[in-house]
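*Asks:*
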Amino acid sequence: MAQSAALPGNVDLYLHIRVLVAIILGLSVTRLVSGVAALIQHPGRYPIWSVHLGWVAWALVNVVTFWWWEFRLSFVQHWTFVLYAFVCVYASMYYFLSALLFPQDLDEYKGYQDYFLSRRRWFFGFVALTEALDVVDTLIKGEDHLRSLGLEYLPRVGVFILLCAVAATTRNLRFHVLFVFAGLAYEISFFGRYYGTLN
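The number in this note's numbering is simply the position in the sequence shown, starting from 1, with 448 added.
#1: Which residue wins for smallest C-alpha separation from Arg466, given the options Thr578, Phe519, Leu554 and Thr528?
#2: I believe Cys536 touches Val575 by the beta-carbon criterion, under 8 Å. Please report the beta-carbon distance rounded to the nearest angstrom.
#3: Look at Ser540 and Ile472 and say whether their C-beta atoms are less than 7 Å apart.
#4: Looking only at C-alpha atoms, which of Ile588, Leu508, Leu501 and Ala630 sits nearest to Thr478?
#5: For Leu549, which of helix, strand or coil comes out of DSSP?
#6: My assumption, with CB atoms under 8 Å, is that Thr513 sits in contact with Phe639. Please give the rounded CB distance.
#7: Kindly indicate which three-state DSSP category Thr528 falls into: helix, strand or coil?
#8: Quick one, which of Gly631, Leu621, Gly590 and Arg622 has its alpha-carbon nearest Gln609's?
#9: Return helix, strand or coil for Pro603, following the three-state DSSP convention.
#10: So which of Ala486, Arg619, Phe627 and His526 has the shortest CA-CA distance to Val607?
#11: Find out if the Cβ-Cβ distance for the pair Tyr542, Val511 is shorter than 7 Å.
#12: If we count the other Cβ atoms within 10 Å of its Cβ and call it buried at 16 or more, is His624 buried or exposed?
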């Protein structure tokens with residue numbers, strides 16, 4: 449009831465704020481989709497790697513779900529510049545991840561595996577930071593929203609950040625394969641269970 453009452457007075461303000469967030473997320477989706485299209489157009493230019501493609505899928509799922517669930521910020525009753533800046537920075541993390549996944553060229557590398565492993569500290573550092581910012585974003589939406597995500601939410605974030613720390617330091621291919629596909633499967637499962645509706 450309180451959320452429903454807060455919505456009408458904040459819709460116009462949130463729509464104003466959402467414009468810049470939409471631009472940032474749109475650039476992220478464009479970078480990811482155009483990167484995949486380039487792989488299809490020029491399959492022999494650079495050797496592809498399943499782990500890299502897995503993280504591309506993970507990033508795309510996260511950008512889409514971020515945009516879906518950020519509608520709940522329309523329930524925020526008091527907006528400040530700090531809160532606005534936080535949301536913009538949080539959204540920008542996805543653009544940084546997209547740019548890291550698809551650089552402008554790979555001329556210095558043998559392919560996506562060589563590139564990804566050489567930039568793994570940057571990539572997993574940004575992934576871990578994005579997950580940490582998600583906790584802050586969740587708290588901004590209120591304790592009720594945090595509780596609605598179940599007891600698994602905070603431990604999941606903690607474990608994921610720890611795994612990112614491992615991924616940033618190891619070149620073990622088996623670990624990277626297992627991590628990306630487990631992370632992607634869990635992300636899809638989590639969204640299906642908790643983010644299926646905005647009601």
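Glycine included, every Cβ here is placed at the ideal spot set by N, Cα and C.
Every value quoted in this text rests on a predicted model; they were computed, and no experiment measured them.
*Replies:* Taking the definition as stated:
#1: Position 18 of the sequence shown, counting from 1, holds the residue named residue 466. Of Thr578, Phe519, Leu554 and Thr528, the residue nearest in Cα terms is Phe519.
#2: Here residue 536 is taken as the residue at index 88 of the sequence shown, counted from 1. Here residue 575 is taken as the residue at index 127 of the sequence shown, counted from 1. The pair is not a contact, with the Cβ atoms about 19 Å apart (cut-off 8 Å).
#3: Residue numbering aside, residue 540 sits at position 92 when the sequence shown is read from its first letter. Residue numbering aside, residue 472 sits at position 24 when the sequence shown is read from its first letter. Their beta carbons are under 7 Å apart, which means Ser540 touches Ile472 by this criterion.
#4: Locating residue 478 in the sequence shown gives position 30, where the first residue counts as 1. For Thr478, the nearest C-alpha among the options comes from Leu508.
#5: As a first step, residue 549 is located in the sequence shown; it is residue number 101 there, counting from the start. Looking at Leu549 - three-state DSSP - the assignment turns out to be helix.
#6: Start at 1 with the first residue of the sequence shown, and residue 513 comes out as number 65. Start at 1 with the first residue of the sequence shown, and residue 639 comes out as number 191. So it is a contact: roughly 5 Å between Cβ atoms.
#7: Walking along the sequence shown from the start, residue 528 turns up at place 80. Of the three classes helix, strand and coil, the one that applies to Thr528 here is coil, per DSSP.
#8: Reading the sequence shown from its first residue, position 161 is the one you call residue 609. The residue you asked about is not Gln; residue 609 is Ile in the sequence shown. Cα-wise, what sits closest to Ile609 is Gly631.
#9: On the sequence shown, position 155 is the one that residue 603 refers to. DSSP places Pro603 in helix when its eight states are reduced to three.
#10: For this step, residue 607 is matched to residue 159 along the sequence shown. Comparing Cα positions, the closest option is Phe627.
#11: Position 94 of the sequence shown, counted from the start, is the residue given in the question as residue 542. Position 63 of the sequence shown, counted from the start, is the residue given in the question as residue 511. Yes.
#12: Locating residue 624 in the sequence shown gives position 176, counting from the first residue. Buried, by the Cβ-count rule.
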